[in-house]
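Asker:
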Amino acid sequence: MSQLLPVLVLSGFVVVFGAAIIVVASLLGTKAAKSKTKLETYECGLESDMSGSTKVPIKFYLTAILFILFDIEIIFMYPWALSFNDFIRQGYGLYIMGAMGVFLLIFILGLLWEVKSKALEWE
Amino acid sequence: MLIADKFLRIGPEHYLALSAILFSFGMIAVMMRKNVIVMLMGIELMLNAVNLSFVVFARETGALNGQIMVFFVMTIAAAEAGVGLALAVAIYKKFKELNIRHFEKLKG
Amino acid sequence: MIYEAISFYALALFLTFFAYKTISATNPIHSALYLVLTMLGLGAVFFSLGAHFIAGVQVIVYAGAVMVLFVMVLMLFDLKSELQAFSKGMLSGFLKVFSAAALAGVAIGVISHSVQVVDGASWGVGDPNADVTKYLSILLYTNYLFAFEVLGVLLLVVAIGAVALSRMKGGTHADRR
Amino acid sequence: MGSDIFEIGVNFIKMVLIFVMMVQLVPLLVWVERRGSAYIQNRFGPNRVGPLGLTQLLADAVKFLTKEDFMPERGYRFLFLAAPVVALIPAALAFGAIPLSHPIFVEPFEWLGQTWGPYQFDFQSYKIGIGIVFVLAVSSLAAYSLMLAGYASNNKYSLYGALRASAQTISYELAMGLSIVGILLLFNTFDFSEMIRLQSGPLSFHVLGTVYTFDFLPNWGIFYQPLGAILLLAAMFAETNRLPFDLPEAEAELVAGYHTEYGGIKMNMFYIGEYGHMLVASGLMVTFYFGGYTLYPFLTPGTVSSWFAGSTPTMTSVWTSLILHVVFLTKVLLFLWLFIWVRWSLPRFRYDQLMDLGWKTMLPWALGNTIVTAIVIFIMRTSW
Numbered sequence: 011m012s013q014l015l016p017v018l019v020l021s022g023f024v025v026v027f028g029a030a031i032i033v034v035a036s037l038l039g040t041k042a043a044k045s046k047t048k049l050e051t052y053e054c055g056l057e058s059d060m061s062g063s064t065k066v067p068i069k070f071y072l073t074a075i076l077f078i079l080f081d082i083e084i085i086f087m088y089p090w091a092l093s094f095n096d097f098i099r100q101g102y103g104l105y106i107m108g109a110m111g112v113f114l115l116i117f118i119l120g121l122l123w124e125v126k127s128k129a130l131e132w133e
Numbered sequence: 002m003l004i005a006d007k008f009l010r011i012g013p014e015h016y017l018a019l020s021a022i023l024f025s026f027g028m029i030a031v032m033m034r035k036n037v038i039v040m041l042m043g044i045e046l047m048l049n050a051v052n053l054s055f056v057v058f059a060r061e062t063g064a065l066n067g068q069i070m071v072f073f074v075m076t077i078a079a080a081e082a083g084v085g086l087a088l089a090v091a092i093y094k095k096f097k098e099l100n101i102r103h104f105e106k107l108k109g
Numbered sequence: 004m005i006y007e008a009i010s011f012y013a014l015a016l017f018l019t020f021f022a023y024k025t026i027s028a029t030n031p032i033h034s035a036l037y038l039v040l041t042m043l044g045l046g047a048v049f050f051s052l053g054a055h056f057i058a059g060v061q062v063i064v065y066a067g068a069v070m071v072l073f074v075m076v077l078m079l080f081d082l083k084s085e086l087q088a089f090s091k092g093m094l095s096g097f098l099k100v101f102s103a104a105a106l107a108g109v110a111i112g113v114i115s116h117s118v119q120v121v122d123g124a125s126w127g128v129g130d131p132n133a134d135v136t137k138y139l140s141i142l143l144y145t146n147y148l149f150a151f152e153v154l155g156v157l158l159l160v161v162a163i164g165a166v167a168l169s170r171m172k173g174g175t176h177a178d179r180r
Numbered sequence: 185m186g187s188d189i190f191e192i193g194v195n196f197i198k199m200v201l202i203f204v205m206m207v208q209l210v211p212l213l214v215w216v217e218r219r220g221s222a223y224i225q226n227r228f229g230p231n232r233v234g235p236l237g238l239t240q241l242l243a244d245a246v247k248f249l250t251k252e253d254f255m256p257e258r259g260y261r262f263l264f265l266a267a268p269v270v271a272l273i274p275a276a277l278a279f280g281a282i283p284l285s286h287p288i289f290v291e292p293f294e295w296l297g298q299t300w301g302p303y304q305f306d307f308q309s310y311k312i313g314i315g316i317v318f319v320l321a322v323s324s325l326a327a328y329s330l331m332l333a334g335y336a337s338n339n340k341y342s343l344y345g346a347l348r349a350s351a352q353t354i355s356y357e358l359a360m361g362l363s364i365v366g367i368l369l370l371f372n373t374f375d376f377s378e379m380i381r382l383q384s385g386p387l388s389f390h391v392l393g394t395v396y397t398f399d400f401l402p403n404w405g406i407f408y409q410p411l412g413a414i415l416l417l418a419a420m421f422a423e424t425n426r427l428p429f430d431l432p433e434a435e436a437e438l439v440a441g442y443h444t445e446y447g448g449i450k451m452n453m454f455y456i457g458e459y460g461h462m463l464v465a466s467g468l469m470v471t472f473y474f475g476g477y478t479l480y481p482f483l484t485p486g487t488v489s490s491w492f493a494g495s496t497p498t499m500t501s502v503w504t505s506l507i508l509h510v511v512f513l514t515k516v517l518l519f520l521w522l523f524i525w526v527r528w529s530l531p532r533f534r535y536d537q538l539m540d541l542g543w544k545t546m547l548p549w550a551l552g553n554t555i556v557t558a559i560v561i562f563i564m565r566t567s568w
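Structure follows, in structure tokens:
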């Protein structure tokens, strides 16, 4: 807990700082007349139309999910990198290389499949 | 005095109680909500509650097996979220809604 | 002791409040954002329990990846507040809440009776200065090696499955067939 | 945070000062950027307000603060105001974990009729054992401020901009995370201070049991991991949304992006976040690959403290830390200048090129770097 406390204090301080800036800016800011057009959403002068269905490419979602899966595989490499030297020093270097080799092979297979299946193509 | 001591001396049972409360919140979300994505969030909350109890037991026994389980549970939760959201996207495309009852009408 | 109690109750209050907001917010995006705060709070709890690396992974995987995916998908759908977020029926709703509360109550009751018998002295004795992360990684690549490799395969399968599931023409609002 | 009131007070003030330093560096960097880009493009840049145009920053701050506080009618008010604040948090938290200089050791002293100390004050906001994982964790939260801004504006351009930006951020997070694995394999630690300590000696290669030492070169990560350094730097450019990866705010060909509806100081806070990320990126580059606050043959904690052999241990420690801090700042400023330089040297990518670079080029190269590093380290360190 004692190690975490400064982090919490700092994040609290940053939030207070940011909120204070926004409050000060809203107090100091010029008060101009607000008209209906001004408050409208900015869409380069066209009438905004949020009610219609907005088409968003599914690619964004696919990128995010592939990101999660690869992110976890990368995180699995961190403990491996951390203990790599200890394994070598104990004489188990070949073992740890093989253990990670199999995992990396699966990782590379996944990456190759994604490239092959054109899941990563943006046109 | 004894009761105050029970509340102030933080031990594993306090963390486990917190875990149980979070788990039941996740359970309520799964049972009560109709939006598929919110239900998935409820499942994530339940998995997190279980992770908390794993970490507490790891700390209590002094062995790290619990922490490794947390690692695995996180992986599985992420995989589950990925597939679940893929299904949600499929439902939304077909029915323009994320209601759970539409799952009955999906077929391959 | 009193500081530990204060920090525990503050974190517990934070967690239960945001977990409650997660399940009660009618706008799914707000739900997801409250859940992010819950995940961050749990990361803090893990950290304070000495699981430093697990806390970091919790934030990276849950708050930084899984919840980003949730928020992104919800933004893709551009959902508004739901008029009917909860399932219908007073009686069944009451039963559902009651059963969950009963589960929590039973669990807490059992915990408060059993843990004291098992435990006693070991709490707090764990050496905080030991290099936990290194032990963790050595354990992961020796005793749990098989599970680790299987998880690699699982992630591969999920990647293929997700691509296959979402490989359809058009965007989120593709025409009905 | 400390055991007595003095230590807690110093730690708190230190934390606030480091945060203020980060925030204060932003207007200075904006000035450097404007003057620097003017220099590169052979024009004058802001030179009217004050000497060399330096007080332009103050004028800008006043302008930002007195602008009309505007928000679109259809947005979500709380989230709209929260997004710029959230933009500050990841950079501030990550910067706090990077050691800026050698710790200061204070001997016991008498003050107010009481004996205080001894203390050790780290020259960073907080020291966290899992440093690298912590920095990765907090900087993975950066995607939220983009998505909050895009969603809360309730504007199609903002929404698309936010999706574009967050997809870019998370894609390059992979390459960033993977390019660090090489340096982890090398140093086998998550702790920044330990990493810097390992880099403060002479360059020495272990080849099959024998050690070859080069006395004139420092033991910096760049000599072992040149590819990793390049990949990390490129990924950092993308993470900070700087040119050539500035599609989130490519105002010329795409409407501004997630901050279309923002103006005044709220817009500026996104920039504080962006420059803060640049600072964190430079700090990480320096810590991983360029020896942190040490410069081996001349300026290491050992050599610098020997200059002050006559003074008290506390003063020696303070002066050593300050001098080493200047070394760190110099290195960081060189990297910050690189960020500005690249902006006027490279054209912007197209979005599909950007994604191709992240997934199909940088990720495989980072993977190859990891594998080669592991094999080489395995061969070198095994006692055959």
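Protein chains in written order, with the numbering used here: chain A, 11 to 133; chain B, 2 to 109; chain C, 4 to 180; chain D, 185 to 568. Where is the CB? At the ideal position from N, CA and C, for every residue including glycine. Here the structure is a predicted model, which means the values were calculated and not measured.
Here's a check: name, in chain order, each residue in its chain whose Cβ is nearer than 6 Å to the Cβ of A50(B), leaving out the five neighbours to either side.
Answerer: The residues are S20, L23, F24.
Asker: Could you work out which residues of chain B lie near I118(A), taking near to mean beta carbons separated by less than 8 Å?
Answerer: Those do not exist, as I118(A) stays about 18 Å from chain B at its closest Cβ, beyond 8 Å.
Asker: Starting from V71(C), trace the alpha helix (DSSP H) in both directions and tell me its first and last residue.
Answerer: That run of the alpha helix (DSSP H) goes 70–80.
Asker: Looking only at its own chain, which residues have a Cβ that is under 7 Å from the Cβ of K24(C), when we skip the five neighbours before and after it?
Answerer: So the qualifying residues of the chain are Y37.
Asker: Which same chain residues, not among the five before or five after G62(A), have their C-beta less than 6 Å away from its C-beta?
Answerer: Its pLDDT being 46, under 50, G62(A) is placed unreliably by the model, and nothing is read from it.
Asker: F203(D) to L88(B), Cα distance in whole Å?
Answerer: Rounded to the nearest angstrom, the two C-alpha atoms are 44 Å apart.
Asker: CA-CA distance, F407(D) and L415(D)?
Answerer: If you take the alpha carbons of F407(D) and L415(D), they lie about 14 Å apart.
Asker: Would you say M453(D) and A271(D) are within 9 Å of each other, going by their C-beta atoms?
Answerer: Closer than 9 Å, so yes.
Asker: Where T250(D) and L238(D) are concerned, what is the direct C-alpha to C-alpha distance, given to the nearest angstrom?
Answerer: Their Cα atoms are separated by approximately 20 Å.
Asker: Is there a Cβ from chain B that is less than 9 Å from the Cβ of L79(A)?
Answerer: Yes, L79(A) counts as interfacial toward chain B.
Asker: In terms of residues, what are the limits of the alpha helix (DSSP H) holding F151(C)?
Answerer: Element bounds for F151(C): 148–168.
Asker: The beta strand (DSSP E) spanning W295(D) covers which residue range?
Answerer: Segment 293–295, the beta strand (DSSP E) holding W295(D).
Asker: Leaving aside the five residues before and after M360(D) along the sequence, list all residues of the same chain whose C-beta is less than 6 Å from its C-beta, in chain order.
Answerer: The answer, listed in chain order, is A419.
Asker: What are the start and end residues of the alpha helix (DSSP H) that includes L53(B)?
Answerer: Here the alpha helix (DSSP H) through L53(B) covers 37–62.
Asker: When the Cα atoms are used, what is the spatial distance from F533(D) to R219(D)?
Answerer: Spanning the two alpha carbons is a distance of roughly 25 Å.
Asker: Which residues in chain D have a C-beta closer than 7 Å to the C-beta of V125(A)? List them in chain order.
Answerer: Ordered by position in chain D, the residues that pass the 7 Å Cβ test against V125(A) are K544.
Asker: Please list the residues of the stretch 61–90 of chain B that have a C-beta atom closer than 8 Å to any C-beta atom in chain C, keeping them in chain order.
Answerer: Correct list: E61, T62, G63, L65, N66, Q68, I69, V71, F72, F73, M75, T76, I77, A78, A79, A80, A82, G83, V84, L86, A87, L88, A89, V90.
Asker: For chain C, is any of its Cβ atoms less than 9 Å away from the one on V51(B)?
Answerer: So no, V51(B) is outside the interface.
Asker: Is the beta carbon of G28(A) less than 9 Å from the beta carbon of V269(D)?
Answerer: Taking 9 Å as the Cβ cut-off, G28(A) and V269(D) qualify as a contacting pair.
Asker: Using a Cβ-Cβ cut-off of 6 Å (strictly less than) and excluding sequence neighbours within five positions of S54(B), which residues of its own chain qualify?
Answerer: So the list reads L17, S20, once near-sequence residues are dropped.
Asker: With DSSP collapsed to three states, give me the class of Q304(D).
Answerer: Residue state, collapsed to three classes: strand.
Asker: Could you check what DSSP says for D399(D) in three-state terms: helix, strand or coil?
Answerer: Residue state, collapsed to three classes: strand.
Asker: Against chain A, with Cβ distances strictly below 9 Å, would I26(C) count as a contact?
Answerer: I26(C) does not count as touching chain A.
Asker: Along chain G, which residues have their Cβ under 7 Å away from the Cβ of A321(D)?
Answerer: The structure shown has no chain G; the protein chains it does contain are A, B, C and D.
Asker: Is the beta carbon of V60(C) within less than 8 Å of some heavy atom of the ligand ZN?
Answerer: Because no ligand of any kind appears in the structure shown, any question about the ligand ZN cannot be addressed here.
Asker: Measuring alpha carbon to alpha carbon, tell me which residue in E191(D), Q304(D), A266(D) is nearest Y328(D).
Answerer: When each option's Cα is compared against that of Y328(D), the closest is A266(D).
Asker: Would you grab the beta carbon distance between S285(D) and L508(D) for me? Rounded to a whole angstrom, and I think it's under 8 Å.
Answerer: Confirmed, about 5 Å.
Asker: Let's test the definition: count the other Cβ atoms within 10 Å of the Cβ of G193(D) and tell me whether it reaches 16, buried, or not, exposed.
Answerer: With fewer than 16 other Cβ atoms within 10 Å, it is exposed.
Asker: Where does the unbroken alpha helix (DSSP H) through P531(D) begin, and where does it stop?
Answerer: First-last for P531(D): undefined, no H or E at that position.
Asker: State yes or no: is the C-beta of K311(D) within less than 9 Å of the C-beta of S388(D)?
Answerer: Cβ distance not < 9 Å, so K311(D) and S388(D) don't count as in contact.
Asker: Where do the ends of the beta strand (DSSP E) carrying I288(D) lie?
Answerer: Per DSSP, I288(D) belongs to the beta strand (DSSP E) from 285–290.
Asker: Would you say F196(D) faces chain A, with C-beta separation under 9 Å as the test?
Answerer: F196(D) counts as touching chain A.
Asker: If we define contact as Cβ-Cβ less than 9 Å, is I11(B) a contact residue for chain C?
Answerer: It does; some Cβ of chain C falls within 9 Å.
Asker: Which partner residues of T545(D) appear in the DSSP bridge assignment?
Answerer: In DSSP, T545(D) forms no bridge with anything.
Asker: Is V526(D) helix, strand or coil when you go by DSSP?
Answerer: Of the three classes helix, strand and coil, the one that applies to V526(D) here is helix, per DSSP.
Asker: Taking the CB atoms as reference points, tell me whether A321(D) and G59(C) lie closer together than 9 Å.
Answerer: Result yes, Cβ atoms of A321(D) and G59(C) sit closer than 9 Å.
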